[in-house]
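In the working numbering, the protein residues as written are 20 to 290. Just below is one structure, and these are the notes that go with it.
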Amino acid sequence: MSLHKETFQPLLEHLLVTSTGIKDVWCIGSAAEYARATYSFLSSQDSHGVDFFSRRLVGLAHSSAVSALMMLLRDKEFSTSNKPLNFTSLILLDPALLPPQFPSTTVLSDMFGKFASTKRDKWPTRAAAHQYLAAHTAFKAWDPRALQLFVDRALRDNDSSEVVLSCSRAQEAGFYLSPTADYKARPVEIFTELTRADELPIHLITCLKDEYKGQTLPSKEFQMAQVKSTTGGSVQLIEGGHMFPQTKPALCADAIQRALAAAPAERKARL
20 MSLHKETFQP
30 LLEHLLVTST
40 GIKDVWCIGS
50 AAEYARATYS
60 FLSSQDSHGV
70 DFFSRRLVGL
80 AHSSAVSALM
90 MLLRDKEFST
100 SNKPLNFTSL
110 ILLDPALLPP
120 QFPSTTVLSD
130 MFGKFASTKR
140 DKWPTRAAAH
150 QYLAAHTAFK
160 AWDPRALQLF
170 VDRALRDNDS
180 SEVVLSCSRA
190 QEAGFYLSPT
200 ADYKARPVEI
210 FTELTRADEL
220 PIHLITCLKD
230 EYKGQTLPSK
240 EFQMAQVKST
250 TGGSVQLIEG
260 GHMFPQTKPA
270 LCADAIQRAL
280 AAAPAERKAR
290 L
């Protein structure tokens with residue numbers, strides 16, 4: 020959505036240098052209908068030439084993208100009417116799996132919605148945008164390469180000779196504030212179903228640093244308890260706050276590598 024897949028490039032570059040057994044990595048970004056867009060891409064063999072249905076896959080997702088991954092795995096649209104994909108394990112990076120019954124979920128949704136609807140969204144030049152973002156609390160800790168990729172790919176030229184956010188403030192705020200948002204109830208239900216079934220290894224990589232007035236801690240505790248109740252999953256704690264794939268790409272890549280290495284030899288999968 021507002022993050023853009025290109026900002027994961029430093030993380031993926033480090034992962035590919037330090038890991039073995041990864042055939043390739045496909046990074047998919049879509050601002051609407053995440054799960055449907057992801058399934059459409061993976062099943063479109065004619066367009067990219069890869070038969071993903073014949074591969075053993077690892078599902079790797081960060082933040083709200085975890086909700087899309089949950090829907091892709093268990094939502095009836097993809098599990099009954101379409102050919103299933105062969106995921107052998109999941110790696111969840113600080114997932115935005117927010118139980119709707121938690122008061123903190125409402126607080127966070129309102130907080131993110133307010134931030135999205137009021138943040139600056141245009142600059143006279145990309146250089147000016149880079150200067151502004153590099154000093155901003157939300158971006159100043161980012162790896163410089165990730166920040167540059169955000170400036171290069173998350174902004175677009177408009178008719179007024181300015182650069183603006185490709186994902187509008189209204190679109191991002193609407194995602195957080197929608198009372199029927201897909202990223203809330205159903206993905207949490209699926210996550211709970213998966214951990215109770217204990218058939219698919221789930222590796223949680225999360226941080227206990229909370230930049231949001233402590234409101235993410237209840238959902239983090241819930242997620243860790245669910246994964247720790249399984250026999251094949253794992254929990255890793257990492258530094259860097261919620262945006263650690265962008266602020267600590269090397270540390271994140273190393274954590275992903277440990278999660279991949281946790282798979283039994285006969286079940287090694289392709290990311």
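Even for Gly, the Cβ is constructed at its ideal location relative to N, Cα and C.
- Collapsing the DSSP output to three states places Arg139 in coil.
- For the 9 Å CB-CB criterion, Trp142 and Val207 do not form a contact.
- Asp176 is bridged by DSSP to Val182.
- Taking the CA atoms as reference points, Asp217 sits about 46 Å from Ala148.
- Under the three-pair Cβ rule at 8 Å, the segment 106-126 counts as touching the segment 217-229.
- Of all C-beta pairs linking the segment 162-171 to the segment 74-89, fewer than three are shorter than 8 Å, placing the two stretches out of contact.
- Ala115 is not bridged by DSSP to any residue.
- Inside the segment 20-58, DSSP marks whole alpha helix (DSSP H) runs of 4 or more residues at positions 28-37, from first to last along the chain.
- Non-local C-beta neighbours of Leu31 in its own chain, meaning closer than 6 Å and more than five positions away in sequence, comprise Val44, ordered along the chain.
- With fewer than 16 other beta carbons inside 10 angstroms of its own, Cys46 counts as exposed.
- Note that the C-beta distance between Glu191 and Ser136 is below 9 Å.
- If you draw a 10 Å sphere on the C-beta of His261, you find 16 or more other C-beta atoms in it, and that means buried.
- Among the bridge pairs identified by DSSP, His155 is matched with none.
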